[in-house]
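In our numbering, the protein residues as written are 1 to 355. Even for Gly, the Cβ is constructed at its ideal location relative to N, Cα and C.
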Amino acid sequence: MNLRFLFLITACLTLSVTLLAQGERKDKTAVTYEELYDEPSSVNKLFVGIQPIYGEMFATNANAGFGAEVVYYHKDKMNFRAHFRKTYTQEFFDLARDLAVKKSDVENRAEVYNYYEVGATYHIRDFEESSKTKMFLYKNSYKGNRWAARVPLSADVPCKVRKIYGARLGGILWDSSTEIARALEKQGLSNADLKTAEGVSLPETIMVEGREESLDVFSNIASKGLYVGGSMTWIKNVAVNFDKFEEGIDDLIFTAYVDILVSPAVDVDNVVYTSTDPSSPNFGTQTYSVSPLKTKMLGVRIGMDGRFNRMFSWAYGAEIGYRPSLEGRSLYALFKISFPVFGTNLDYKVESFGK
Numbered sequence: 001m002n003l004r005f006l007f008l009i010t011a012c013l014t015l016s017v018t019l020l021a022q023g024e025r026k027d028k029t030a031v032t033y034e035e036l037y038d039e040p041s042s043v044n045k046l047f048v049g050i051q052p053i054y055g056e057m058f059a060t061n062a063n064a065g066f067g068a069e070v071v072y073y074h075k076d077k078m079n080f081r082a083h084f085r086k087t088y089t090q091e092f093f094d095l096a097r098d099l100a101v102k103k104s105d106v107e108n109r110a111e112v113y114n115y116y117e118v119g120a121t122y123h124i125r126d127f128e129e130s131s132k133t134k135m136f137l138y139k140n141s142y143k144g145n146r147w148a149a150r151v152p153l154s155a156d157v158p159c160k161v162r163k164i165y166g167a168r169l170g171g172i173l174w175d176s177s178t179e180i181a182r183a184l185e186k187q188g189l190s191n192a193d194l195k196t197a198e199g200v201s202l203p204e205t206i207m208v209e210g211r212e213e214s215l216d217v218f219s220n221i222a223s224k225g226l227y228v229g230g231s232m233t234w235i236k237n238v239a240v241n242f243d244k245f246e247e248g249i250d251d252l253i254f255t256a257y258v259d260i261l262v263s264p265a266v267d268v269d270n271v272v273y274t275s276t277d278p279s280s281p282n283f284g285t286q287t288y289s290v291s292p293l294k295t296k297m298l299g300v301r302i303g304m305d306g307r308f309n310r311m312f313s314w315a316y317g318a319e320i321g322y323r324p325s326l327e328g329r330s331l332y333a334l335f336k337i338s339f340p341v342f343g344t345n346l347d348y349k350v351e352s353f354g355k
């Protein structure tokens with residue numbers, strides 16, 4: 001039995017080696033190249049990007065929409081960033097606002113999701129060192145199905161990489177609709193914990209066409225705060241001319257960061273409810289305090305973004321973390337795409353000579 005097993009293993013290994021030998025690519029030969037430029041310190045100073053779509057799974061309010069972002073590099077000392085985003089419409093995609101418009105039994109107006117962020121990164125250390133980059137080998141004859149069905153060859157090319165260790169500081173402002181019922185449930189509370197100045201509790205249910213239904217409660221939340229953290233940026237800006245292949249370019253500007261989020265002001269609007277039952281202590285329009293709801297002023301996030309050193313290109317970014325918000329409702333994950341992104345070095349001067 002053991003001899004048969006060993007024979008089977010030997011046969012399989014022999015067959016694998018044979019197939020690998022037969023699968024050796026004939027076009028896998030050494031390539032030569034000429035360096036066109038390798039200047040990671042000579043990148044565009046200003047990038048302006050339009051974000052046609054972003055998506056955010058936020059426990060307070062899942063949302064998606066559009067935005068814009070501006071990044072400016074001031075020499076090798078600092079870079080500045082400004083960003084905003086908001087939802088397209090109520091139904092695409094502002095989940096808490098959509099639910100509030102369709103289901104809410106209180107008078108609170110449903111707020112549109114808005115997000116604003118401005119900040120700066122100080123370059124603690126900005127330097128270059130030797131590295132290498134992987135470039136895929138491409139020919140114009142590979143277009144279409146031939147390229148799609150091909151496993152591309154690649155070549156490692158020596159280059160310089162610019163690294164920036166940064167200290168980050170900035171401000172964040174956002175506001176949104178939110179479902180109070182879920183926040184109450186998460187914190188072990190109920191509608192009865194929301195009371196008027198006279199101590200009257202918000203009812204748990206209402207009568208709708210003779211049926212008793214839950215009272216759906218929505219409100220708005222706004223946060224004003226700042227972030228402080230650190231970042232690491234890698235910049236490559238190299239192009240080579242391959243013999244028998246198209247030019248290879250690696251001009252990625254990639255940043256990874258970690259921030260502490262601090263929001264001393266996390267405000268939730270009190271609930272305004274109108275009861276039409278004259279026999280109820282809630283009769284009329286009354287305001288119910290949301291002070292029993294706990295909020296979190298501290299949060300944390302890790303993220304990354306990438307853009308390319310070109311006049312016309314695209315960019316991407318992602319974040320995950322806990323944002324200052326209602327306690328138990330602060331987890332979020334964000335992904336955003338920018339296209340188009342316009343880049344410029346803001347240098348329009350030319351030399352002039354007298355005749």
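Item                                                                                                                                                                                                : Value
Please go through the same chain and pick out, in chain order, the residues whose beta-carbon is closer than 6 angstroms to the beta-carbon of P175, but skip the five residues on each side of it. : Correcting the residue identity first, residue 175 is Asp in this sequence and not Pro. Taken in chain order, the residues that qualify are E111, N114 and A222.
Alpha carbon to alpha carbon, how far is V238 from D126?                                                                                                                                            : 18 angstroms
Tell me the residue span of the alpha helix (DSSP H) that contains L95.                                                                                                                             : L95 to K103
Could you check what DSSP says for K45 in three-state terms: helix, strand or coil?                                                                                                                 : coil
Can you tell me the Cβ-Cβ gap for A183 and L293, rounded? I've got them flagged as a contact below 8 angstroms.                                                                                     : 6 angstroms
Comparing alpha-carbon positions, which option in D259, D251 and A100 lies nearest E91?                                                                                                             : A100
Out of A256, G317, F283 and S275, which one is the CA nearest neighbour of A167?                                                                                                                    : A256
Report, in whole angstroms, the separation of the C-beta atoms of A30 and N61, which I expect to be a contact under 8 angstroms.                                                                    : At roughly 56 angstroms, the Cβ-Cβ gap does not stay under 8 angstroms, so A30 and N61 are not in contact.
For E209 and K103, what's the separation of their Cα atoms in angstroms?                                                                                                                            : 15 angstroms
Answer yes or no: do N63 and T89 have a C-beta to C-beta separation smaller than 7 angstroms?                                                                                                       : no
What would DSSP say about N241, mapped onto helix, strand or coil?                                                                                                                                  : strand
Taking C-alpha atoms, which residue in P52, I164, G199 and I206 lies nearest to T274?                                                                                                               : I206
Which two residues bound the contiguous beta strand (DSSP E) that contains A167?                                                                                                                    : S154 to E179
Suppose the cutoff is 7 angstroms on Cβ atoms and the five residues either side in sequence are ignored; what does the same chain contact list for E39 look like?                                   : N237
Quick one, are the C-beta atoms of P324 and K296 less than 7 angstroms apart?                                                                                                                       : yes
For the candidate residues S177, V217, G170 and T178, whose alpha-carbon lies nearest to that of D193?                                                                                              : V217
Within 10 angstroms of the Cβ of H83, are there 16 or more other Cβ atoms? Answer buried if so, exposed if not.                                                                                     : buried
Please name the residue, chosen from G188, D251 and E34, that lies closest to G328 on a Cα-to-Cα basis.                                                                                             : G188
Tell me whether G199 is buried or exposed, calling it buried when 16 or more other Cβ atoms sit within 10 Å of its Cβ.                                                                              : exposed
Are the CB atoms of M57 and A120 nearer to each other than 7 angstroms?                                                                                                                             : no
Pull the bridge partners of R307 from the DSSP assignment, please.                                                                                                                                  : I253 and A315
Around the Cβ of L326, are there at least 16 other Cβ atoms within 10 angstroms (buried) or fewer (exposed)?                                                                                        : buried
In terms of residue numbering, what span does the beta strand (DSSP E) encompassing A82 cover?                                                                                                      : M78 to T87
Candidates N108, Y37 and I53: which alpha carbon is nearest V290's?                                                                                                                                 : N108
Is it the case that the Cβ atoms of F308 and P340 are separated by a distance below 7 angstroms?                                                                                                    : no
Can you give the beta carbon distance from E246 to K139, rounded, assuming they're within the 8 angstroms contact cut?                                                                              : 6 angstroms
Assuming the contact rule is C-beta atoms closer than 8 angstroms, L173 and Y227 should be a hit. Round their C-beta distance to whole Å, please.                                                   : Wrong, their Cβ atoms sit about 12 angstroms apart, outside the cutoff.
In the DSSP assignment, find the unbroken beta strand (DSSP E) run with V200 in it and report its ends.                                                                                             : No beta strand (DSSP E) holds V200; DSSP gives it neither H nor E.
Within the same chain, show all residues whose beta-carbon is closer than 7 angstroms to that of G55, passing over the 5 residues directly before and after it, in chain order.                     : A64 and F335
For the putative contact between I235 and V161, defined by C-beta atoms under 8 angstroms, what is the C-beta separation to the nearest angstrom?                                                   : 7 angstroms
Short check: CB of Y288 to CB of L215, under 7 angstroms?                                                                                                                                           : no
Over what stretch of residues does the beta strand (DSSP E) that includes N191 continue unbroken?                                                                                                   : Counting along the chain, N191 falls outside any beta strand (DSSP E), and DSSP gives it neither H nor E.
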